[in-house]
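Trainee: Please read through the structure below; I'll follow up with questions.
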Amino acid sequence: MVTIDNKGLETILNENMELAKLIYFSVCYAQPIILPVPEIVTVVAGSAALGPFTAFILGFMGAVLGILTMFYLSRTFGMKLVQRLVNEKQLDQYHRFVKKNETWILILLFIVPVLPDEIICVGAGVSGVKVKRFVLIAVLAKLLTTFSLAYSLRLTEII
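Each position in the sequence shown, counted from 1, maps to that position plus 332 in my numbering.
Structure below.
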């Protein structure tokens with residue numbers, strides 16, 4: 333898979349403006365499932381190409397839907413899927429992080445980029461985190477991170 337950096341994705345979006353929103357949403361959706369691209373890369377590129385509001389709304393919706401999809405897949409298909417998609421060492425790291433204080437650790441893991449979102453989703457899915465709790469944490473965390481990343485370019489212009 334070709335690594336996409338901020339300028340690469342921004343260029344793709346700018347060169348395909350008629351499909352840019354769909355491309356950006358699709359990347360944000362796929363990110364927590366199969367793409368090893370950090371959220372900061374996609375959201376900042378989306379913000380530069382589409383503007384902060386559009387990048388925030390589409391990025392937030394795409395990321396949350398992708399997170400819920402990955403959580404559902406891991407909850408439904410369990411360890412068989414996990415062993416194919418996720419590095420077991422990272423999954424063990426996730427379990428060590430959340431052993432105690434599950435809620436706060438999940439919030440921090442989603443906000444601070446210690447582990448990729450797919451690892452967090454899979455770990456929560458196979459470890460029995462309650463669905464309502466996971467959804468609430470994922471939505472609040474992505475609301476915060478997507479908003480702050482989408483508007484980070486505007487903040488640097490002001491400073």
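Here a beta-carbon is modelled for each residue, glycine too, at the ideal position from N, C-alpha and C.
1) Counting along the chain, where does the alpha helix (DSSP H) carrying K421 start and finish?
2) Would you decide whether P384 is buried or exposed? Buried here means 16 or more other CB atoms lie within 10 Å of its CB.
3) Measuring straight from C-alpha to C-alpha, what distance separates E350 and V376?
4) Let me know if I366 comes out buried or exposed under the rule of 16 or more other beta-carbons within 10 Å of its beta-carbon.
5) Taking a contact to mean a Cβ-Cβ separation below 7 Å, would you say G457 touches Y426 in this structure?
6) Which residues mark the beginning and the end of the alpha helix (DSSP H) in which L475 is found?
7) Check this for me: beta carbons of S379 and L475, under 7 Å apart or not?
8) With DSSP as the reference, label P368 as helix, strand or coil.
9) Give the single residue among L341, T478, A352, L447 whose Cα lies nearest to the Cα of K421.
10) Looking at the structure shown, is V454 part of a helix, part of a strand, or coil, going by DSSP?
11) CB E441 to CB I469, shorter than 7 Å?
12) Let me know the secondary structure DSSP gives Q415 once reduced to three states.
Mentor: Taking the geometry as given:
1) For the purposes of this step, residue 421 is taken as residue 89 along the sequence shown, with counting starting at 1. It spans 420 to 430 - the alpha helix (DSSP H) in which K421 sits, taken as one unbroken run.
2) Sequence index remark: in the sequence shown, residue 384 carries index 52 (1-based). Taking a 10 Å sphere around the C-beta of P384, we find 16 or more other C-beta atoms and assign the residue as buried.
3) One-based indexing of the sequence shown puts residue 350 at position 18. One-based indexing of the sequence shown puts residue 376 at position 44. Each residue's Cα considered, the two are about 19 Å apart.
4) Taking the first residue of the sequence shown as position 1, residue 366 is located at position 34. Flag for I366 reads exposed.
5) Position 125 of the sequence shown, counted from the first residue, corresponds to residue 457. Position 94 of the sequence shown, counted from the first residue, corresponds to residue 426. Not in contact: G457 and Y426 (Cβ atoms no closer than 7 Å).
6) As a working note, residue 475 is residue 143 in the sequence shown. Its alpha helix (DSSP H) spans residues 463 to 482.
7) Position 47 of the sequence shown, counted from the start, is the residue given in the question as residue 379. Position 143 of the sequence shown, counted from the start, is the residue given in the question as residue 475. The criterion of a C-beta distance shorter than 7 Å is not satisfied by S379 and L475.
8) Against the sequence shown, residue 368 aligns to sequence position 36. In this structure, P368 counts as coil in the three-state DSSP scheme.
9) Against the sequence shown, residue 421 aligns to sequence position 89. K421 has its Cα closest to that of L447, out of L341, T478, A352, L447.
10) Within the sequence shown, numbered from 1, the residue matching residue 454 stands at position 122. Three-state result, V454: helix.
11) Taking the first residue of the sequence shown as 1, we reach residue 441 at position 109. Taking the first residue of the sequence shown as 1, we reach residue 469 at position 137. Correcting the residue type first, residue 441 is Leu in the shown sequence and not Glu. For L441 and I469, no; Cβs fall outside 7 Å.
12) Taking the first residue of the sequence shown as 1, we reach residue 415 at position 83. In the structure shown, Q415 sits in a helix (DSSP, three-state: H, G or I).
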